[in-house]
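Visitor: Below you'll find the structure I mean.
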Amino acid sequence: MTLPVPRSALADTVLERLTAVYPPAADPVRAAEAAAYMKGVAPFLGIRTPERRALSRTVLDGTPPPTEADCTAIALRCWELPEREYHHFAADYLRRHVGRCSSGFVPVAHRLITTVSWWDTVDPLAAHVVGPLVAAEPGPARVMDRWIEDDDLWVVRTALLHQLRRKETTDAERLFRYCLRQSAHPHFFIRKAIGWSLREYARTDPEAVRGFVESARDRLAPLSVREALKHL
Numbered sequence: 413m414t415l416p417v418p419r420s421a422l423a424d425t426v427l428e429r430l431t432a433v434y435p436p437a438a439d440p441v442r443a444a445e446a447a448a449y450m451k452g453v454a455p456f457l458g459i460r461t462p463e464r465r466a467l468s469r470t471v472l473d474g475t476p477p478p479t480e481a482d483c484t485a486i487a488l489r490c491w492e493l494p495e496r497e498y499h500h501f502a503a504d505y506l507r508r509h510v511g512r513c514s515s516g517f518v519p520v521a522h523r524l525i526t527t528v529s530w531w532d533t534v535d536p537l538a539a540h541v542v543g544p545l546v547a548a549e550p551g552p553a554r555v556m557d558r559w560i561e562d563d564d565l566w567v568v569r570t571a572l573l574h575q576l577r578r579k580e581t582t583d584a585e586r587l588f589r590y591c592l593r594q595s596a597h598p599h600f601f602i603r604k605a606i607g608w609s610l611r612e613y614a615r616t617d618p619e620a621v622r623g624f625v626e627s628a629r630d631r632l633a634p635l636s637v638r639e640a641l642k643h644l
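Each step along the sequence shown adds one to the number in the numbering used here, with nothing skipped, and position 232 is 644.
Written out as structure tokens, the structure reads:
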């Protein structure tokens with residue numbers, strides 16, 4: 413699905429600064445190592461995360477708080493750039509400003525999740541962008557009920573992980589239902605996500621997770637069980 417990029421003076425400023433500041437910090441050797449580690453999902457500039465975030469603070473110095481349209485424009489325009497560090501910048505920016513976005517931002521999140529997809533962007537978007545959007549309004553929770561049925565494994569992974577930071581406000585029934593719905597999924601990233609989501613909720617309600625795993629052990633993959641019970 414193609415989404416229009418809103419006009420945004422803030423996005424113009426941020427992208428102009430970003431593309432001026434990041435390239436001089438590039439390290440070709442580190443870039444090749446990062447691309448190999450990430451299975452070639454995208455080219456890298458080779459900027460280490462602490463240095464990249466320091467540069468990002470320089471980029472954002474003095475910029476005003478964004479509107480939802482600004483967030484959309486910045487994210488989509490960053491995703492149009494090939495190097496992965498720009499995608500990481502956008503994910504960090506959205507994490508910081510997701511409270512300024514409504515449920516109308518969910519299609520943008522979907523676009524990001526399904527474009528140049530790998531765990532390094534999908535997981536922070538799931539837990540720190542989609543998760544807060546779902547927690548803030550009732551509508552996106554119903555969207556998650558559709559995403560858990562999706563053919564795209566990264567959309568399914570997002571549905572599984574979107575409650576990762578919810579703690580006491582976790583909808584346990586939905587979490588357990590999603591885990592069962594995808595328990596037979598053949599892909600490592602889904603089986604791992606099932607175990608991770610359960611392990612994280614076990615920090616809040618260990619007995620509920622232990623009981624669920626015992627009742628569903630014959631349906632859950634061994635990897636999911638090991639991850640779920642790792643700290644129990």
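Quick reminder that beta carbons are idealized off the backbone N, C-alpha and C, glycines included.
Keep in mind that this is a model prediction, so the values were computed, not measured.
1) Buried or exposed: A466, going by 16 or more other Cβ atoms within 10 Å of its Cβ?
2) Put A614 into one of helix, strand or coil per three-state DSSP.
3) Whose CA, out of T581, K579 and I602, lies closest to the CA of Y590?
4) Assign S636 to one of two classes, buried (16 or more other C-beta atoms within 10 Å of its C-beta) or exposed (fewer than that).
5) Have a look at P598 and D473 and give me their C-alpha separation to the nearest angstrom.
6) Between the C-alpha atoms of Y498 and S627, what's the straight-line distance to the nearest angstrom?
7) Taking the alpha-carbon positions, what's the D482 to E619 distance?
8) Are V471 and V433 closer than 8 Å when you measure CB to CB?
9) Alpha carbon to alpha carbon, how far is Y505 from P536?
10) Would you kindly check if the distance between the Cβ of L493 and the Cβ of L415 is under 8 Å?
11) Leaving out five residues before and five after P544 in sequence, what residues of the same chain have Cβ atoms less than 6 Å from its Cβ?
12) To which residues of the same chain is A454 closer than 6 Å at the C-beta, ignoring the five residues directly before and after it?
13) Does the Cβ of Y613 have 16 or more other Cβ atoms within 10 Å, making it buried, or fewer, making it exposed?
14) Where does E639 land, buried or exposed, given buried means 16+ other C-beta within 10 angstroms?
15) If we ignore side chains and look at the alpha-carbon of each, how far apart do E445 and G452 end up?
16) Quick one: give me the first and last residue of the alpha helix (DSSP H) that P552 is part of.
17) Where in the stretch 457–540 do unbroken runs of the alpha helix (DSSP H), each at least 4 residues long, occur, reported from the N-terminal end onward?
18) First and last residue of the alpha helix (DSSP H) that includes R631?
19) Report all residues from its chain with a CB closer than 7 Å to the CB of K604; omit the five preceding and five following residues, and keep chain order.
20) Alpha carbon to alpha carbon, how far is M556 from L573?
Guide: For this structure:
1) Counting from 1 along the sequence shown, the entry for residue 466 is found at position 54. By the neighbour-count criterion, in which 16 or more other beta carbons inside 10 Å mark a residue as buried, A466 falls on the exposed side.
2) For the purposes of this step, residue 614 is identified with residue 202 of the sequence shown, where counting begins at 1. In this structure, DSSP gives A614 a helical state, which the three-state scheme calls helix.
3) For the purposes of this step, residue 590 is identified with residue 178 of the sequence shown, where counting begins at 1. The residue with the shortest Cα to Cα distance from Y590 is I602.
4) Along the sequence shown, one-based indexing puts residue 636 at 224. Buried, by the Cβ-count rule.
5) Translated into positions along the sequence shown, residue 598 becomes position 186. Translated into positions along the sequence shown, residue 473 becomes position 61. Taking the straight line joining both Cα atoms gives about 45 Å.
6) Counting from one through the sequence shown, the residue named residue 498 turns up at place 86. Counting from one through the sequence shown, the residue named residue 627 turns up at place 215. About 44 Å.
7) Against the sequence shown, residue 482 aligns to sequence position 70. Against the sequence shown, residue 619 aligns to sequence position 207. The alpha-carbon atoms of D482 and E619 are separated by roughly 43 Å.
8) For this step, residue 471 is matched to residue 59 along the sequence shown. For this step, residue 433 is matched to residue 21 along the sequence shown. In this structure, V433 lies closer than 8 Å to V471 by Cβ.
9) For this step, residue 505 is matched to residue 93 along the sequence shown. For this step, residue 536 is matched to residue 124 along the sequence shown. A straight line joining the alpha-carbon of Y505 with that of P536 spans about 11 Å.
10) Counting from 1 along the sequence shown, the entry for residue 415 is found at position 3. Counting from 1 along the sequence shown, the entry for residue 493 is found at position 81. No, the pair does not count as a contact, with Cβ atoms beyond the cut-off.
11) As a first step, residue 544 must be located in the sequence shown, where it is residue number 132. The residues are V510.
12) By 1-based counting over the sequence shown, the position of residue 454 is 42. R496 and V528.
13) As a position in the sequence shown, residue 613 is number 201, starting the count at 1. It is buried - the Cβ of Y613 has at least 16 other Cβ atoms within 10 Å.
14) Locating residue 639 in the sequence shown gives position 227, counting from the first residue. By the neighbour-count rule (16 or more Cβ atoms within 10 Å), E639 is buried.
15) Translated into the one-based positions of the sequence shown, residue 445 becomes position 33. Translated into the one-based positions of the sequence shown, residue 452 becomes position 40. Cα to Cα, E445 sits roughly 10 Å from G452.
16) Taking the first residue of the sequence shown as 1, we reach residue 552 at position 140. P552: member of the alpha helix (DSSP H) spanning G551 to W559, first to last residue.
17) 461–472, 480–492, 496–509, 518–525 and 531–537
18) One-based indexing of the sequence shown puts residue 631 at position 219. From DSSP, R631 is part of no alpha helix (DSSP H); its letter is neither H nor E.
19) Taking the sequence shown and counting its residues from 1, the one referred to as residue 604 is at position 192. Closer than 7 Å at the Cβ level, and outside the excluded window around K604, lie L635 and E639.
20) In the sequence shown, the residue the question calls residue 556 occupies position 144. In the sequence shown, the residue the question calls residue 573 occupies position 161. One C-alpha to the other measures close to 10 Å.
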